[in-house]
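Peer 1: Residue numbers (this note's numbering): 247 to 574.
Built from N, CA and C at the ideal position, the CB exists for glycine as well.
Just so we're clear, the structure is a prediction, and the values are computed from it rather than from any experiment.
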């Protein structure tokens with residue numbers, strides 16, 4: 247119905263004043279985008295309370311996103327929406343939706359994993375806010391705004407970290423940390439994440455994630471000798487959630503944007519897994535090219551590549567994305 251109304255309004259405007267339809271169309275488009283984002287943010291607020299470890303930070307993020315919408319709603323001259331500005335609005339909408347997807351993934355994780363993987367949400371938040379800042383600056387420069395613009399507060403890293411740190415000492419987290427199975431699982435995850443950083447020649451985990459460092463110390467102090475021994479004796483294998491094992495001790499290839507490791511599928515199929523550096527665009531074409539040219543201790547026969555490039559590709563592509571998202 248909205249599209250029919252929009253088409254009719256644009257046609258009427260052009261009939262009354264030739265060329266004025268573009269202004270009406272821009273107003274409709276901006277209105278639709280703002281409406282869709284506002285609906286998303288309402289859903290986020292309702293979901294936030296279910297993700298207790300992330301609740302305070304989500305609420306702060308949503309408040310900032312709503313402020314950006316409020317600024318967009320005060321644009322007076324819709325005909326001043328340049329192509330660059332319209333692209334920024336679209337990008338803002340896309341990234342808010344991406345933030346929403348990341349947030350919902352936390353509902354599927356236990357309370358300790360929500361803290362372990364807090365960087366996923368933090369990164370999504372930072373990405374939206376970077377685009378939002380550019381958008382507000384562009385809008386206030388190129389368009390007339392009703393009233394003055396007082397920039398919304400953007401959380402700094404330490405502010406978000408402080409909220410996590412407060413929650414680490416909550417009864418819920420302390421109870422979860424006292425379970426021996428949880429201790430072993432989370433300590434193993436943290437150890438593997440640290441080994442990934444070392445293999446990627448990045449800073450040790452302890453120096454760039456205070457939340458994980460504190461969790462590690464608390465879990466280690468409360469764990470039994472048996473749990474500590476199990477974690478100490480972990481092999482140099484990284485196990486992803488996609489059930490693909492990556493031998494982080496064996497780099498079998500290099501690329502300008504990634505390193506290649508030996509891997510084994512759950513069924514024993516040998517594969518090569520490409521771990522991308524941060525912020526690298528990974529197109530389907532690039533992934534297909536990689537899997538069709540990869541080598542694993544010599545050439546992989548064409549039949550295996552063909553089989554792997556079909557069904558298992560989808561699964562291992564998730565592995566690639568997971569590996570990339572866990573880098574810091």
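1. Output the boundary residues of the alpha helix (DSSP H) element that contains residue 366.
2. Please report how far the alpha carbon of residue 308 lies from the alpha carbon of residue 345, in whole angstroms.
3. Helix, strand or coil, according to DSSP, for residue 508 in the structure here?
4. Within its chain, find whatever has a CB closer than 8 Å to the CB of residue 391; leave out the 5 residues flanking it on each side and keep chain order.
5. Can you tell me whether DSSP reads residue 517 as helix, strand or coil?
6. Whose C-alpha, out of 428, 455, 458 and 293, is nearest the C-alpha of residue 473?
7. Taking all protein chains shown into account, decide if residue 399 is buried (16 or more other Cβ within 10 angstroms of its Cβ) or exposed.
8. From residue 290 to residue 468, what distance separates their C-alpha atoms?
9. Residue 396: buried (16+ other C-beta within 10 angstroms of its C-beta) or exposed?
10. Could you check if residue 363 is buried or exposed, using at least 16 other CB atoms within 10 Å of its CB as the buried criterion?
11. Starting from residue 304, follow the alpha helix (DSSP H) in both directions and report where the run begins and ends.
12. Whole angstroms is fine: what's the gap from residue 304's alpha carbon to residue 294's?
13. Taking the alpha-carbon positions, what's the residue 477 to residue 434 distance?
14. Taking the alpha-carbon of residue 412 as reference, which of 298, 349 and 342 has the nearest alpha-carbon?
15. How many Å lie between residue 340 and residue 471 at the Cα?
16. Residues bridged to residue 391 by DSSP?
Peer 2: On the basis of the data shown:
1. 364-388
2. 10 Å
3. strand
4. 317, 320, 321, 322 and 385
5. strand
6. 428
7. exposed
8. 35 Å
9. With fewer than 16 other Cβ atoms within 10 Å, it is exposed.
10. So residue 363 counts as buried.
11. Note, residue 304: alpha helix (DSSP H), 301-319.
12. 6 Å
13. 6 Å
14. 298
15. Residue 340 and residue 471 have their alpha carbons spaced roughly 48 Å apart.
16. 321
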